[in-house]
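Q:
2 protein chains.
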Amino acid sequence: MMQLSESLQDYLEKILALESSNKVARVKEIAEAMGVLQGSVTSALKTLSSKGLINYEPYSFITLTPKGKKLAQEVTRRHAVIKDFLGNVLQLEAENAEANACRIEHAIDRIAIDRLVQFIDYLNNCPRTGPDWIASFTNYCKTEAMDAQKCKTCLKQCKDDFQTTD
Amino acid sequence: MMQLSESLQDYLEKILALESSNKVARVKEIAEAMGVLQGSVTSALKTLSSKGLINYEPYSFITLTPKGKKLAQEVTRRHAVIKDFLGNVLQLEAENAEANACRIEHAIDRIAIDRLVQFIDYLNNCPRTGPDWIASFTNYCKTEAMDAQKCKTCLKQCKDDFQTTD
DNA sequence: GGCGAAAGTTTGATATACCAAACTTATATT
DNA sequence: AATATAAGTTTGGTATATCAAACTTTCGCC
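Residue numbers (numbering that gives the first Met the number 0), protein chains in the order written: chain A, 0 to 165; chain E, 0 to 165.
1. Name the one or two DSSP bridge partners that Asn54 (chain E) has.
2. Using the Cβ count rule (16 or more neighbours within 10 Å means buried), how would you classify Leu36 (chain E)?
3. To be precise: take each residue of the segment 119-140 of chain A, compare its Cβ to all Cβ atoms of chain E, and keep it if any distance is under 9 Å. Which residues remain?
4. For chain E, find out if any of its Cβ atoms is closer than 8 Å to the Cβ of Met145 (chain A); answer yes or no.
5. Please classify Ala32 (chain E): does DSSP put it in a helix, a strand, or coil?
6. Hey, would you say Pro126 (chain E) sits closer than 8 Å to Cys150 (chain A), going by beta carbons?
7. According to DSSP, is Ala24 (chain A) helix, strand or coil?
8. What did DSSP end up calling Leu3 (chain E) once you bin it into helix, strand or coil?
9. Please tell me whether Thr46 (chain A) and Leu70 (chain A) are closer than 8 Å, where the distance is taken between their beta carbons.
10. According to the Cβ coordinates, are Leu115 (chain E) and Leu115 (chain A) closer than 8 Å?
11. Three or more beta-carbon pairs under 8 Å between the segment 99-116 of chain E and the segment 95-105 of chain A, yes or no?
12. So which of A:Pro57, A:Asp159, A:Asn123 and A:His105 has the shortest CA-CA distance to Tyr10 (chain A)?
13. Leaving out five residues on either side along the sequence, give the residues of the same chain with a beta carbon under 7 Å from the beta carbon of Asp165 (chain A).
14. Whose C-alpha, out of A:Leu122, A:Ile119, A:Ile61 and A:Gly129, is nearest the C-alpha of Glu12 (chain A)?
15. Restricting to runs no shorter than 4 residues, where is the alpha helix (DSSP H) found entirely within the segment 103-134 of chain E?
16. Quick one, are the C-beta atoms of Glu18 (chain E) and Leu63 (chain E) less than 8 Å apart?
17. Could you name the residues of the same chain whose beta carbon sits closer than 7 Å to that of Glu28 (chain E), not counting the 5 residues immediately before and after it, in chain order?
18. Just curious, the alpha helix (DSSP H) that Val88 (chain E) is in, first and last residue?
19. Give every residue of the same chain whose Cβ lies closer than 7 Å to the Cβ of Arg77 (chain A), excluding the five residues on either side of it in the sequence, and list them in chain order.
20. Going along chain E, which residues have a C-beta under 8 Å from Leu7 (chain A)?
21. On the CB-based measure, 16 or more other CB atoms within 10 Å of its CB, does Gly67 (chain A) come out buried or exposed?
22. Assuming Asp83 (chain A) contacts Ile119 (chain A) (C-beta within less than 8 Å), just tell me the rounded distance between them.
23. For Glu92 (chain E), which option in E:Thr75, E:Trp132, E:Pro57 and E:Thr137 has the closest C-alpha, if you only look at C-alpha atoms?
24. Answer with yes or no whether the minimum CB distance from Gln2 (chain A) to chain E is below 8 Å.
25. Using a Cβ-Cβ cut-off of 8 Å, state whether Phe161 (chain E) counts as contacting chain A.
26. Name the chain A residues that come within less than 9 Å of His105 (chain E), Cβ to Cβ?
27. Assuming Val26 (chain E) and Val40 (chain E) make a contact with CB atoms under 8 Å, what is their CB distance in whole Å?
28. Should Tyr121 (chain A) go down as buried or exposed, given a rule of 16 or more other Cβ atoms within 10 Å for buried?
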């Protein structure tokens with residue numbers, strides 16, 4: 000499709016978020032969300048507009064075109080998937096998961112994201128893993144040890160749980 | 000520590016690889032490895048040299064300083080961990096795992112990488128998961144279905160395997 | 001309606017990273 | 001040792017993304 004710079008992808012993402020909450024986006028809000036000055040936003044908006052991704056007239060509000068919205072949603076989805084993995088699988092703190100997701104969303108391609116979605120799904124729903132396996136991973140992160148006896152008990156519990164809820 | 004641009008981190012990474020195989024790195028080889036022209040390499044080398052990360056004299060070969068080597072090894076480790084996860088856990092094709100790792104290595108921080116290492120380790124060694132669980136995930140990716148009966152069999156097999164190898 | 005503040009834009013500057021092409025140095029061969 | 005060629009460097013230019021500060025437009029309020 001169209002290869003946008005990381006920066007422009009970020010602008011689209013913020014514009015979508017503002018559009019979702021406020022109907023439209025304004026330069027000042029985008030600048031605050033991006034942590035840049037308003038002048039930088041105006042430059043970016045011109046570029047996005049020239050690529051047909053936003054509706055932009057000087058001194059007016061900003062909305063996404065259908066094309067821009069689709070792209071913004073893709074970026075937002077990548078962000079959400081990665082944050083989910085980092086926060087709910089790796090059990091990173093929310094702030095850290097967010098910070099890493101912001102960067103990784105630009106570095107990962109469609110094939111990898113789609114597979115990651117499948118992985119998270121499988122991990123959550125396979126009876127051999129699921130939420131209690133993730134909890135046991137969290138515990139492992141604290142203790143750094145695997146104990147054969149504990150594993151045996153854990154495994155038995157896991158099997159019993161699945162058989163009874165069957 | 001010192002925040003290097005993605006590009007300079009890539010240069011360090013390539014220089015380490017060349018140093019490992021050839022003792023020293025040369026401009027031409029770095030240019031080939033990076034996919035840029037030699038003139039671009041010379042510019043980057045000056046910057047790396049000014050930051051005390053490489054030993055560089057015009058028209059001579061290049062080696063890493065201890066500081067540069069440490070940084071290069073960190074980048075290389077991040078790369079290897081991510082490639083391992085993408086290739087051996089998510090089961091992406093080697094080329095795709097490599098391409099994504101090249102980009103993600105610059106986007107992920109130490110906390111996330113360290114946790115990912117723990118996760119891969121736990122996934123490989125926990126009796127509830129391990130290589131056969133990953134194989135069952137790979138199979139799931141093809142079929143996109145979870146079957147309670149299959150799960151029951153899979154879980155029983157998993158438990159039996161662990162008990163006998165105990 | 002006019003005016004002041006807030007919002008938005010423009011301009012000129014900086015920094016990074018790259019290329020193309022001219023130029024310099026090193027080397028390899030005879 | 002001379003010279004052609006390969007390797008390395010320099011120069012000038014492009015593109016992106018940002019800031020600071022001057023400038024313009026819009027909008028609310030009296």
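C-beta atoms are modelled at their ideal positions from N, C-alpha and C, and glycine is treated no differently.
A: Short version:
1. If you number the second sequence from 1, residue 54 (chain E) lands on position 55. Paired residue(s): E:Thr62.
2. Taking the first residue of the second sequence as position 1, residue 36 (chain E) is located at position 37. Exposed: under 16 other Cβ atoms inside 10 Å.
3. Asp120, Tyr121, Leu122, Asn124, Cys125, Pro126, Arg127, Thr128, Trp132, Ser135, Phe136, Tyr139 and Cys140
4. Within the first sequence, residue 145 (chain A) is the residue found at index 146, counting from 1. Interface residue, yes.
5. If you number the second sequence from 1, residue 32 (chain E) lands on position 33. It is helical.
6. As a first step, residue 126 (chain E) must be located in the second sequence, where it is residue number 127. As a first step, residue 150 (chain A) must be located in the first sequence, where it is residue number 151. Yes; because the gap between Cβ atoms is below 8 Å, this pair is in contact.
7. Taking the first sequence and counting its residues from 1, the one referred to as residue 24 (chain A) is at position 25. Of the three classes helix, strand and coil, the one that applies to Ala24 (chain A) here is strand, per DSSP.
8. Counting from 1 along the second sequence, the entry for residue 3 (chain E) is found at position 4. Coil.
9. Stepping through the first sequence from its first residue, residue 46 (chain A) is reached at position 47. Stepping through the first sequence from its first residue, residue 70 (chain A) is reached at position 71. Contact flag unset, no.
10. In the second sequence, residue 115 (chain E) corresponds to position 116, counting from 1. In the first sequence, residue 115 (chain A) corresponds to position 116, counting from 1. Not closer than 8 Å, so no.
11. yes
12. Your numbering for residue 10 (chain A) matches position 11 in the first sequence. Of the candidates A:Pro57, A:Asp159, A:Asn123 and A:His105, the one whose C-alpha sits nearest the C-alpha of Tyr10 (chain A) is A:His105.
13. Taking the first sequence and counting its residues from 1, the one referred to as residue 165 (chain A) is at position 166. Legend: pLDDT at Asp165 (chain A) = 45, less than 50; position of this residue unreliable, value from coordinates given subsequently. Contacts found: none.
14. Here the question's residue 12 (chain A) lines up with position 13 in the first sequence. It is A:Ile61.
15. 109-124
16. Taking the first residue of the second sequence as 1, we reach residue 18 (chain E) at position 19. Taking the first residue of the second sequence as 1, we reach residue 63 (chain E) at position 64. It is a contact, given that the beta carbons lie within the stated cut-off.
17. Mapped onto the second sequence, residue 28 (chain E) falls at position 29. Closer than 7 Å at Cβ, skipping near neighbours: Leu17.
18. Taking the first residue of the second sequence as position 1, residue 88 (chain E) is located at position 89. Careful: Val88 (chain E) lies outside any alpha helix (DSSP H) and carries neither H nor E.
19. Mapped onto the first sequence, residue 77 (chain A) falls at position 78. Closer than 7 Å at Cβ, skipping near neighbours: Glu104, Ile107 and Ile112.
20. Position 8 of the first sequence holds residue 7 (chain A). Here the premise fails: no neighbours, minimum Cβ distance about 17 Å.
21. Position 68 of the first sequence holds residue 67 (chain A). By the 10 Å Cβ count, Gly67 (chain A) comes out buried.
22. For the purposes of this step, residue 83 (chain A) is identified with residue 84 of the first sequence, where counting begins at 1. For the purposes of this step, residue 119 (chain A) is identified with residue 120 of the first sequence, where counting begins at 1. Between Ile119 (chain A) and Asp83 (chain A) the Cβ distance is about 6 Å, and since that is below 8 Å, they are a contact.
23. Here residue 92 (chain E) corresponds to residue number 93 of the second sequence, with the count starting at 1. Checking every option, the nearest Cα to that of Glu92 (chain E) belongs to E:Thr137.
24. Position 3 of the first sequence holds residue 2 (chain A). Not an interface residue.
25. The count along the second sequence starts at 1 and reaches residue 161 (chain E) at position 162. So yes, Phe161 (chain E) belongs to the interface.
26. Counting from 1 along the second sequence, the entry for residue 105 (chain E) is found at position 106. Those within 9 Å of His105 (chain E) in chain A are Arg102 and Ala106.
27. Here residue 26 (chain E) corresponds to residue number 27 of the second sequence, with the count starting at 1. Here residue 40 (chain E) corresponds to residue number 41 of the second sequence, with the count starting at 1. 5 Å between Cβ atoms; contact.
28. Looking up residue 121 (chain A) in the first sequence gives position 122. Classification of Tyr121 (chain A): buried, given that the 10 Å Cβ count is 16 or more.
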